[in-house]
Amino acid sequence: MSTTLLWFRRDLRLGDQPALHAALAAGNDVLPVFVLDPRLLTTGGVRTQRLCSSLPGLRDATRGALLIRHGDPAEVIPRLAREVGAAEVHVTAETTPYGRRRDARVDAGLAADGRRLVATGSPYAIDPGDVFTRAGTPYQVFTPFSRAWREHGFPAPSGIPEELPWHRPAGEVDALERWHRFLDEDLEGYAASRDRPDLDSTSRMSEHLKYGEIHPRTMLADLAGHPAATGPGAQRFITELCWREFYADQVWHRPRSVWRDLRDDLARMAYDSGAGVDRLVAAWREGKTGYPLVDAGMRQLIAEGWMHNRVRMVTASFLVKDLHVWWPVGARHFLDHLVDGDLASNSQGWQWVAGTGSDASPYFRVFHPVTQARRFDPVGDYVRRWVPELRHLEGPTVHEPWRSRDGYDHGYPQPIVDHDHERREAVDRYRQARIHAVQQYAHGSQGRDVRLLRPFT
DNA sequence: TTTTGAGTTGTTCGA
DNA sequence: GTCGAACAACTCAAA
């Protein structure tokens, strides 16, 4: 009996794991392996840390069978396959630009030796590139995509194969536990309270999805079987999962859009750069803009490696529309600090805010940092949690320290820009860019320098 | 091929 | 204080 390699990447689970079933179907001994790829470890230190803390759990779950290797997978995997005499290497298909290139190189390395890379399934309920319009083209608008996606149907989840003496790794156990707690306690109120950063009312499943400790198909099956399956909470949650898949689909069809404008409409957009704005961007990164909700979010990002979705939009809007900075600068910062940092969701979410993406926000939609704070952090608890210099302000007065006589007594900074002024400036610039969009079309956005952004993730 | 209805997340202004 | 309109046309998807 020969050996088959099962190469884990962002699918660190044993339940609902199609690649594992495919590896077993080959009728061989399955040898699990994880490769620490220096190319990926150079960015996103928080995710490297998270990964390294979950690998021991995976090794325990496989009764110590998991091999951990370091190096370029295009060298490591073919060499290992040769060592153990594996004819096939099984994986979950990767869909990001770097992952696809890497897998093509690994496949070529294996093929030179008469071996194969076999990809089964993907980290999505429906594989990116599998949902098409009736005309056979990819969707570019979310709502019709979501209709087609819901109608497409997906295979039922599968359990852990009985013939294996393995058990669920700790990360997968945590994911399932958190998921079931969410289903029991917070699903029904989800639609109403998901926008409230002061409450702990979101699922917090993003990091488990990022590492594949749970498969979205498992979640969709659980939602369909839930007593409140047709209620607004479950429906809204399905929509959020669908956004993740829509964005992965966009990146599948347009891989370059992870660091460049998806659309050329705003190719002439005048963004600020240079020393003057660098100082402002530094203040944004540190959570010292003088706008409490923005600062709370940016500090939560650094402290927790996570930021509430509503606040991600507000802070992103502030960088793009108040500081007039091109969105990849912010996308890079987010990706460097988010434990759940996902290339597709991050880049397309930023493009949505910047107005350059699919179904993007219209240019005149500019988030007001104080209005958003009053609406979604009504008592101010979220801001007080993350901005100690403002803890002495009570209730929603925390959102406008300039109105309190003692607002700046504990070192909180004055606003670095005037929002009302910058809002008008942003709208003017967008209007200008649109006037020139037609003549600029041929040039696209190649002029903007993305080399400084370390785009490999 | 042409036509038609529709389109995540906001804010401001004026009646 | 509340409400609808304006913001600006444009592109997509389906019939």
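For the first sequence, the positions run 3 to 459 when the numbering used here is used. C-beta: ideal position from N, C-alpha, C; glycine also. Keep in mind the model is a prediction, meaning the values are calculated, not measured.
Beta-carbon proximity list for residue i, same chain, < 6 Å, skipping 5 on both sides
i: L325; result: L282
i: D109; result: L119
i: P140; result: H255
i: D188; result: S203
i: A193; result: P234, G235 and R238
i: V419; result: D324
i: R265; result: T358
i: D451; result: With a pLDDT of 48 at D451, under the threshold of 50, the modelled position of this residue cannot be trusted, and the question is left open.
i: W329; result: V322, W352 and A356
i: V143; result: D361
i: D105; result: E96
i: G299; result: M309, V313 and T317
i: P171; result: G59, L60 and A63
Contacting residues, own chain, Cβ-Cβ under 8 Å from residue i (five flanking each side not counted)
i: S259; result: Q252, V253, S349, Q350, Q353 and G359
i: L461; result: This structure leaves residue 461 out entirely; the chain is present only between 3 and 459.
i: V429; result: Y365, F366 and V368
i: H421; result: Y293, D324, H370, P371 and V372
i: P218; result: P125, Y126, A127, L211, L243, R246 and E247
i: V279; result: L325, H326 and V327
Boundaries of the beta strand (DSSP E) in which residue i is found, first to last residue
i: T5; result: T5 to F10
Three-way DSSP call (helix, strand, coil) for residue i in this model
i: A21; result: helix
i: L63; result: Before going further, note that residue 63 is Ala rather than Leu in the sequence given. It is helical.
i: I70; result: strand
i: V37; result: strand
i: A88; result: strand
i: V389; result: coil
i: F239; result: helix
i: F134; result: strand
i: V93; result: strand
i: D31; result: strand
i: F458; result: Annotation note: pLDDT 39 at F458 (below 50); position unreliable, no value reported.
i: P157; result: coil
i: P58; result: helix
i: P364; result: coil
i: P140; result: strand
i: E164; result: coil
i: S418; result: Note on residue identity: the sequence assigns Ile, not Ser, to residue 418. In this structure, I418 counts as coil in the three-state DSSP scheme.
i: L42; result: helix
i: A231; result: coil
i: V440; result: No answer about V440 holds up, because its pLDDT of 44 lies below 50 and its placement is not dependable.
i: K290; result: coil
i: P125; result: coil
i: V260; result: helix
i: W328; result: coil
Unbroken alpha helix (DSSP H) run spanning residue i, endpoints
i: L303; result: P294 to E306
i: R15; result: Element bounds for R15: n/a, residue is neither H nor E.
i: V120; result: That residue, V120, is in no alpha helix (DSSP H); its beta strand (DSSP E) goes R118 to A121.
i: W148; result: According to the sequence provided, residue 148 is Ser. The question's Trp does not apply to it. Where S148 is concerned, the enclosing alpha helix (DSSP H) stretches over F144 to H154.
i: M271; result: It is not in any alpha helix (DSSP H) - M271 carries neither H nor E in the DSSP assignment.
i: P99; result: P99 to A113
i: K212; result: S208 to K212
i: D176; result: A172 to E187
i: T373; result: P371 to F378
i: S347; result: L345 to A356
i: T204; result: Element bounds for T204: n/a, residue is neither H nor E.
Cβ distance (whole Å) where residue i is taken to contact residue j below 8 Å
i: E242; j: V341; result: The Cβ separation is near 18 Å, so there is no contact.
i: V400; j: R301; result: Not really, about 14 Å apart at Cβ, beyond 8 Å.
i: P163; j: L68; result: So it is not a contact: roughly 16 Å between Cβ atoms.
i: H228; j: L178; result: In fact, because the Cβ distance is near 15 Å, the residues do not count as touching under 8 Å.
i: A158; j: A223; result: 6 Å
Check whether residue i and residue j have beta carbons under 8 Å apart
i: D13; j: S160; result: no
i: A318; j: R431; result: no
i: W168; j: L16; result: yes
i: G214; j: P125; result: yes
i: A88; j: L33; result: yes
i: P199; j: V48; result: no
i: L268; j: A435; result: yes
i: L26; j: E165; result: yes
i: V37; j: G66; result: no
Cβ neighbours of residue i in the same chain (closer than 7 Å, five flanking residues each side left out)
i: A333; result: N348, S349 and W352
i: K290; result: D297 and P415
i: I304; result: H339
i: A231; result: L225
i: G397; result: V381 and G382
i: R11; result: V93, T94 and E96
i: R206; result: R180
i: W151; result: I128, V133, C244 and E247
i: R107; result: A76
i: L295; result: V313, V316, P371, Q374, A375, D379, V385 and H401
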